[in-house]
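Residues 663 to 1001 (the working numbering) are what the sequence shown spells out, left to right. From the three backbone atoms N, C-alpha and C, an ideal C-beta is built for every residue, glycine too.
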Amino acid sequence: MKSAVKIALIALSATVLSILLIWGSGILRAKWFPVKLDIPALAALTPADQLVMGEDGKIAFEITLPAGVSPENTELQCGKGSSAVGIPVWQKRRWKWDKVSWHFTSGIRALVSGEIPEGAVTFDLVTLTGRRSGEKYRVAIPEFTSIIPSGEKSGGELLLAGVMTPPPRKFSALFEHAGRNKYIYIAAALLLAAVLWLIVRHLRRHDQEKLIPCWDAALAAINALEAQCRNGDILPVAGFTVLMDILRNYLELRFDLPVSRQTAAEFAFELTRNSSPLPEKYRLQLNLFFENSDLIRFAKAPADNSRLLDAARDLAGFIRATIPVGENNGNAKDAEVKS
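Encoded structure:
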């Protein structure tokens, strides 16, 4: 479980770091090797050149900016006799590492019939740090002709009701300088918070494990298992699985043996090495314990509660016998192994 948490933390951290490195490298490249701004002089009008008075048309154009730069403070100045409909929208279309394409759209409505003069969309640019370009950029709205709908007798003028642009939402003001990059900031902040939470959670668990010696934790787990066995709350086969987990965890923490990643055969071979930290007099006992547990768990050897209780007592005796000197409240009989 600990290894899985560590792997998950490493993988998540590597993913976040990779995304930030790729994104950041594009921004740095755009800063060191300036990307040429691609801003058209004239927006496209749909339907082209002519609108029916009272019906909505659309203004659209696309610009290319360096990565990390976004359009801000957009102003829509429609030609006399026309008005904007709704809120103008900037949408990030494509990201090509060191440059980003932004698509602008806005609704427009003719309020009078006849020739509508040219208007303009003006905006400035802002970087991630909030630094502004210091100049206004302009894209012209083409002049067009407004025609009276068939059967209309309004005298060539349209009431203004429902045309005015609604005020911006208060929540969007929090990201006034962030532009469309606010979604990246929110996602990165949430991801970073999740990584930090997992790291803190893992460190707290590690500190708690340090406070409780591994032998005390193992003996407490064995006592709990014995109580379950006597009450009939656990099957013998499942009980041997729990005992094996207790033993593997204890050997890993007490003797730094990688038993949680070894089979019984690999563990038996490890004990034959002269460099093994486990005292020789316990090696045969542990080999037999591993073999008997595997026979019961995997080979369906007979097992009952009395056999499980005997195994639990044997394991508790082994743990007490391997408590480091000075860690067992002066019980010299049990303190046979030095740490």
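Please work out which residues of its chain come closer than 7 Å, Cβ to Cβ, to residue 735, disregarding the five sequence neighbours upstream and downstream, and give them in chain order.
Locating residue 735 in the sequence shown gives position 73, where the first residue counts as 1. Closer than 7 Å at Cβ, skipping near neighbours: 785 and 786.
To which residues does DSSP link residue 807 through a beta bridge?
If you number the sequence shown from 1, residue 807 lands on position 145. According to DSSP, which records beta bridges pairwise, residue 807 is partnered with 712 and 777.
By the DSSP assignment, the alpha helix (DSSP H) with residue 888 in it spans what residues?
Along the sequence shown, one-based indexing puts residue 888 at 226. Note, residue 888: alpha helix (DSSP H), 876 to 893.
Helix or strand or just coil, what does DSSP make of residue 659?
Here the chain has residues from 663 to 1001 only, and residue 659 is not among them.
Just the C-alpha distance for residue 795 and residue 728, rounded to the nearest angstrom, thanks.
Walking along the sequence shown from the start, residue 795 turns up at place 133. Walking along the sequence shown from the start, residue 728 turns up at place 66. So the two alpha carbons sit approximately 12 Å from each other.
Restricting to Cα atoms, I'd like to know which of 917, 770 and 905 is closest to residue 951.
Mapped onto the sequence shown, residue 951 falls at position 289. Selected option, being the one with the closest Cα: 905.
Since residue 781 and residue 741 should fall inside the 8 Å C-beta cutoff, what is the C-beta to C-beta distance between them, to a whole number of angstroms?
As a first step, residue 781 must be located in the sequence shown, where it is residue number 119. As a first step, residue 741 must be located in the sequence shown, where it is residue number 79. Indeed, because the Cβ distance is near 4 Å, the residues count as touching under 8 Å.
Among the candidates 944, 945 and 965, whose CA atom is the shortest distance from the CA of residue 625?
The structure shown has nothing for residue 625, since the chain only spans 663 to 1001.
Answer with buried or exposed for residue 788, where buried requires no fewer than 16 other C-beta atoms within 10 angstroms of its C-beta.
Along the sequence shown, one-based indexing puts residue 788 at 126. Classification of residue 788: buried, given that the 10 Å Cβ count is 16 or more.
Look at the Cβ atom of residue 778, then the Cβ atom of residue 808, and state whether they are nearer than 8 Å.
In the sequence shown, residue 778 corresponds to position 116, counting from 1. In the sequence shown, residue 808 corresponds to position 146, counting from 1. Their beta carbons are under 8 Å apart, which means residue 778 touches residue 808 by this criterion.
For residue 947, name the three-state secondary structure that DSSP assigns.
As a first step, residue 947 is located in the sequence shown; it is residue number 285 there, counting from the start. Residue 947: helix per DSSP, three-state reduction.
Residues in the same chain with beta-carbon distance under 6 Å from residue 783, minus the five sequence neighbours each way, listed in chain order, please.
Taking the first residue of the sequence shown as position 1, residue 783 is located at position 121. Counting only Cβ-Cβ distances below 6 Å, and skipping sequence neighbours, we find 738 and 801.
Would you decide whether residue 877 is buried or exposed? Buried here means 16 or more other CB atoms lie within 10 Å of its CB.
Translated into the one-based positions of the sequence shown, residue 877 becomes position 215. Flag for residue 877 reads buried.
For the beta strand (DSSP E) that contains residue 733, what are its first and last residues?
Here residue 733 corresponds to residue number 71 of the sequence shown, with the count starting at 1. Unbroken beta strand (DSSP E) run through residue 733: 731 to 739.
Exposed or buried, residue 1038, counting other C-beta atoms within 10 Å across all chains shown (16 or more means buried)?
The first residue shown for the chain is 663 and the last is 1001, placing residue 1038 beyond what the model contains.
Which residue from 731, 942, 984 and 891 puts its Cα closest to that of residue 968?
Counting from 1 along the sequence shown, the entry for residue 968 is found at position 306. Taking only the C-alpha atoms, the option nearest residue 968 is 891.
With a CB to CB cut of under 6 Å and the five nearest residues on each side skipped, what residues in its chain are close to residue 604?
Any property of residue 604 remains undetermined from this structure, which presents the chain solely from 663 to 1001.
With 16 other CB atoms within 10 Å as the buried threshold, where does residue 1005 fall?
This structure does not reach residue 1005, given that the chain is present from 663 up to 1001, and the question cannot be answered.
Are residue 763 and residue 805 closer than 8 Å when you measure CB to CB?
Taking the first residue of the sequence shown as position 1, residue 763 is located at position 101. Taking the first residue of the sequence shown as position 1, residue 805 is located at position 143. Cβ distance not < 8 Å, so residue 763 and residue 805 don't count as in contact.
Considering only C-alpha positions, which residue in the set 702, 986 and 939 is nearest to residue 722?
Working through the sequence shown from its first residue, we reach residue 722 at position 60. It is 702 whose Cα lies nearest to the Cα of residue 722.
Please determine, among 910, 850 and 931, the residue with the shortest C-alpha to C-alpha distance to residue 680.
The residue given as residue 680 occupies position 18 in the sequence shown. If we check each option's Cα against that of residue 680, 850 comes out closest.
Grab the span of the alpha helix (DSSP H) containing residue 968 for me, first residue to last.
Position 306 of the sequence shown, counted from the first residue, corresponds to residue 968. Here the alpha helix (DSSP H) through residue 968 covers 967 to 983.
With a 10 Å radius around its C-beta and 16 neighbouring C-beta atoms as the bar for buried, classify residue 901 as buried or exposed.
The sequence position of residue 901 within the sequence shown is 239, counting from 1. It is buried - the Cβ of residue 901 has at least 16 other Cβ atoms within 10 Å.
Expressed to the nearest angstrom, what Euclidean distance is found between the alpha-carbon atoms of residue 803 and residue 756?
Within the sequence shown, the letter at position 141 stands for residue 803. Within the sequence shown, the letter at position 94 stands for residue 756. Taking the straight line from one Cα to the other gives about 24 Å.
Which residues share a DSSP beta bridge with residue 753?
Against the sequence shown, residue 753 aligns to sequence position 91. Note: residue 753 sits in a beta bridge opposite 765.
Looking only at C-alpha atoms, which of 753, 733, 773 and 776 sits nearest to residue 797?
For this step, residue 797 is matched to residue 135 along the sequence shown. With distances taken between Cα atoms, residue 797 lies closest to 733.
Determine the contact status of residue 748 and residue 774, defining contact as a CB-CB distance below 8 Å.
Along the sequence shown, read from residue 1 onward, the residue named residue 748 stands at position 86. Along the sequence shown, read from residue 1 onward, the residue named residue 774 stands at position 112. Taking 8 Å as the Cβ cut-off, residue 748 and residue 774 do not qualify as a contacting pair.
Leaving out five residues on either side along the sequence, give the residues of the same chain with a beta carbon under 8 Å from the beta carbon of residue 857.
To locate residue 857, count along the sequence shown from 1; it is residue 195. These residues qualify, in order along the chain: 671, 674, 675 and 678.
For residue 822, collect the residues of the same chain with a Cβ closer than 8 Å to its Cβ; drop the 5 residues on either side in sequence, then sort them by chain order.
As a first step, residue 822 is located in the sequence shown; it is residue number 160 there, counting from the start. With a pLDDT of only 48 at residue 822, under 50, the local geometry of the prediction cannot be trusted, and the value read off the model is given with reservation. Cβ neighbours of residue 822 beyond the five flanking positions: 745 and 773.
Using three-state DSSP, classify residue 939 as helix, strand or coil.
Along the sequence shown, read from residue 1 onward, the residue named residue 939 stands at position 277. If DSSP states are grouped into helix, strand and coil, residue 939 belongs with coil.
Below 7 Å CB to CB, which residues in the same chain sit around residue 913 once its five sequence neighbours on both sides are set aside?
Taking the first residue of the sequence shown as position 1, residue 913 is located at position 251. Around residue 913: 919 and 921.
Can you tell me which of the three DSSP states residue 704 falls into?
Numbered from 1 along the sequence shown, position 42 holds the residue referred to as residue 704. Note: residue 704 maps to strand in three-state DSSP.
Would you call residue 707 buried or exposed, if buried means 16 or more other Cβ atoms sit within 10 Å of its Cβ?
To locate residue 707, count along the sequence shown from 1; it is residue 45. Per the 10 Å Cβ criterion, buried.
Throw me the rounded Cβ distance for the residue 714 and residue 811 pair, which I believe falls under 8 Å.
Residue numbering aside, residue 714 sits at position 52 when the sequence shown is read from its first letter. Residue numbering aside, residue 811 sits at position 149 when the sequence shown is read from its first letter. Correct: roughly 5 Å between the Cβ atoms.
Measure how close the beta-carbons of residue 917 and residue 946 come, nearest whole angstrom, since I'm counting them as under 8 Å.
Numbered from its first residue, the sequence shown carries residue 917 at position 255. Numbered from its first residue, the sequence shown carries residue 946 at position 284. The Cβ separation is near 16 Å, so there is no contact.
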